[in-house]
Amino acid sequence: MTVIVAGDEGSPRLDRVLAAKLPELSRSRLKALILAGQVSLRAAAVRDPAYHVTAGDTITIDVPEAAPAEPAAEAIPLQIVYEDDDIIVIDKPAGLVVHPAAGHETGTLVNALIAHCGASLSGIGGVKRPGIVHRLDKDTTGLMVVAKNDRAHASLSAQFADHGRTGAMERGYLAFAWGLPHRPHGTINAAIDRHPHARDKMAVRAKGREAITHYEVQESFAGRDGKPIASRIACHLETGRTHQIRVHLAHLGHPLLGDSVYGPHFKTKANQLAPAARAALEQLGRQALHAYLLVIEHPRTGDILRWESELPEDLSLLGDALRAAL
Numbered sequence: 205m206t207v208i209v210a211g212d213e214g215s216p217r218l219d220r221v222l223a224a225k226l227p228e229l230s231r232s233r234l235k236a237l238i239l240a241g242q243v244s245l246r247a248a249a250v251r252d253p254a255y256h257v258t259a260g261d262t263i264t265i266d267v268p269e270a271a272p273a274e275p276a277a278e279a280i281p282l283q284i285v286y287e288d289d290d291i292i293v294i295d296k297p298a299g300l301v302v303h304p305a306a307g308h309e310t311g312t313l314v315n316a317l318i319a320h321c322g323a324s325l326s327g328i329g330g331v332k333r334p335g336i337v338h339r340l341d342k343d344t345t346g347l348m349v350v351a352k353n354d355r356a357h358a359s360l361s362a363q364f365a366d367h368g369r370t371g372a373m374e375r376g377y378l379a380f381a382w383g384l385p386h387r388p389h390g391t392i393n394a395a396i397d398r399h400p401h402a403r404d405k406m407a408v409r410a411k412g413r414e415a416i417t418h419y420e421v422q423e424s425f426a427g428r429d430g431k432p433i434a435s436r437i438a439c440h441l442e443t444g445r446t447h448q449i450r451v452h453l454a455h456l457g458h459p460l461l462g463d464s465v466y467g468p469h470f471k472t473k474a475n476q477l478a479p480a481a482r483a484a485l486e487q488l489g490r491q492a493l494h495a496y497l498l499v500i501e502h503p504r505t506g507d508i509l510r511w512e513s514e515l516p517e518d519l520s521l522l523g524d525a526l527r528a529a530l
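Counting the sequence shown from 1 gives a position; this note's numbering is that position plus 204.
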């Protein structure tokens, strides 16, 4: 597809010009095409949706054939912690998207599960996310449980909706955050909603949905000046909002190490880390968050099942480097 910029589209931004010229494509679809390098200007791919175009520019858009409605099976290795006829528990690695979405139609956990479980997942919880009852961010590691039949899906969905208020369900996370909270443990009760300006972010907002995180500082780490520069914090969720721990700790003034979305203004603090710790953080390349604990009631037997996951290698190395600087 080809678009010629007239200059009267209302904005010079590439994504907005394309949205004005190509109403048949959604804004999310256009953004995904731009980020995927499918949009070109003067024979060069432009991957920045905010790129400013000028009148007379000719933009070429390469729109791939529509993807099939149902995710395809893909032989993606899974680290399986537990599996029976009703559920499967996996230890998700960093970089693995949970379910297909714009820009991530393939290579997801759902694609891997369809290959592993076969037709048993068909129709459970929706075409795009069969069996999924909760999710982790792409770059968050750790434990996830998936339903393999309708009965298990209904039971797990109810448990996650209840968040352990009346049952055994529990989710625990380990986070490395900038600074040291004033209190060694506490509860963050702050409603969360979409950010008013950045739609890919969440934010603490008075009229948002209830969000409660309980935290406990497990360890603190000193910087080159001897003052606390980072801490290891255990977090337990009483609710399950998008980016909840990341938003809540940033709201507390202690965003996660490596979190480019909620802690970009803390980048200069890396200069206060010892060289080994700074190198470990740079190599991490993601938010320092790991889902280490999962407790559920088995949907068929009623047994209380508990799993714990060790820190992945990148976070373990980060912790060792921070500790060595003491």
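Positions of the beta carbon are idealized from the N, C-alpha and C atoms, including for glycine.
Predicted, not measured: the structure shown is a model, and the values here were computed from it.
- By the criterion of at least three beta-carbon pairs nearer than 8 Å, the segment 338-353 is in contact with the segment 282-293.
- Leaving aside the five residues that flank S359 on each side, the residues in its chain whose CB is nearer than 6 Å to its CB run, in chain order, P503.
- Counting C-beta atoms within 10 angstroms of its own C-beta, S232 has fewer than 16 neighbours from the protein chains shown and is therefore classed as exposed.
- Measuring C-alpha to C-alpha distances from K342 to each of A525, E512, A495 identifies A495 as the nearest.
- A straight line joining the alpha-carbon of I392 with that of T262 spans about 50 Å.
- In chain order, Y496, L497 place their CB closer than 7 Å to the CB of E512, counting only its own chain and leaving out the 5 sequence neighbours on each side.
- In this structure, the beta-carbon distance from R436 to F380 falls below 7 Å.
- Taken through DSSP and simplified to helix, strand or coil, Q283 comes out as coil.
- Judged by pairs of C-beta atoms under 8 Å, the segment 394-411 does not touch the segment 302-312, as fewer than three such pairs exist.
- Here F364 has V337, H338 as same chain residues with Cβ atoms under 6 Å from its own Cβ, once five neighbours each way along the sequence are excluded.
- Of the candidates L441, L509, R450, L441 places its Cα closest to the Cα of D366.
- An exposed status is given to A279, since fewer than 16 other beta-carbon atoms sit within 10 Å of its beta-carbon.
- Shortest Cα-Cα distance from R375 to any of V243, A351, I416 involves I416.
- Going by beta carbons, I292 and M205 fall outside the 7 Å limit.
- Secondary structure note for I208: its beta strand (DSSP E) is the uninterrupted segment 206-208.
- Beta-bridge annotation (DSSP): S244 is paired with A249, T264.
- Under the three-state reduction of DSSP output, D212 falls in the coil class, being neither helix nor strand.
- Counting the other Cβ atoms within 10 Å of the Cβ of P268 gives fewer than 16, which makes it exposed.
- In summary, R510 is exposed, with fewer than 16 beta-carbon neighbours lying within 10 Å of its beta-carbon over all protein chains present.
- Here I449 has Y377, A379, T417, C439, L493 as same chain residues with Cβ atoms under 7 Å from its own Cβ, once five neighbours each way along the sequence are excluded.
- CA-CA distance, V257 to K225, rounds to 13 Å.
- C-alpha of A298 to C-alpha of G211: approximately 42 Å in a straight line.
- One thing to note: A484 has its Cβ no nearer than 7 Å to the Cβ of L456.
- Taking C-alpha positions only, K473 is separated from L222 by approximately 39 Å.
- Within the same chain, A298, D343, G462 come within 7 Å of R490 by CB-CB distance, once the 5 residues on both sides are set aside.
- Of the candidates H357, V243, I238, I396, I396 places its Cα closest to the Cα of L453.
- Bounds of the alpha helix (DSSP H) holding I449 are 448-455.
- Going by C-alpha positions, V243 is about 29 Å away from A316.
- The beta carbons of G427 and Q476 sit closer together than 7 Å.
- Of the residues assessed, K235 falls on the buried side of the cut-off, its CB having 16 or more other CB atoms within 10 angstroms.
- Check the Cα spacing between G412 and each of H399, A481, N353: the tightest is with H399.
- Assignment of R398 by DSSP, reduced to helix, strand and coil, places it in the strand class.
- Spanning the alpha carbons of L218 and V499 requires a straight line of approximately 46 Å.
- Here T310 is exposed, its C-beta having fewer than 16 other C-beta atoms within 10 Å.
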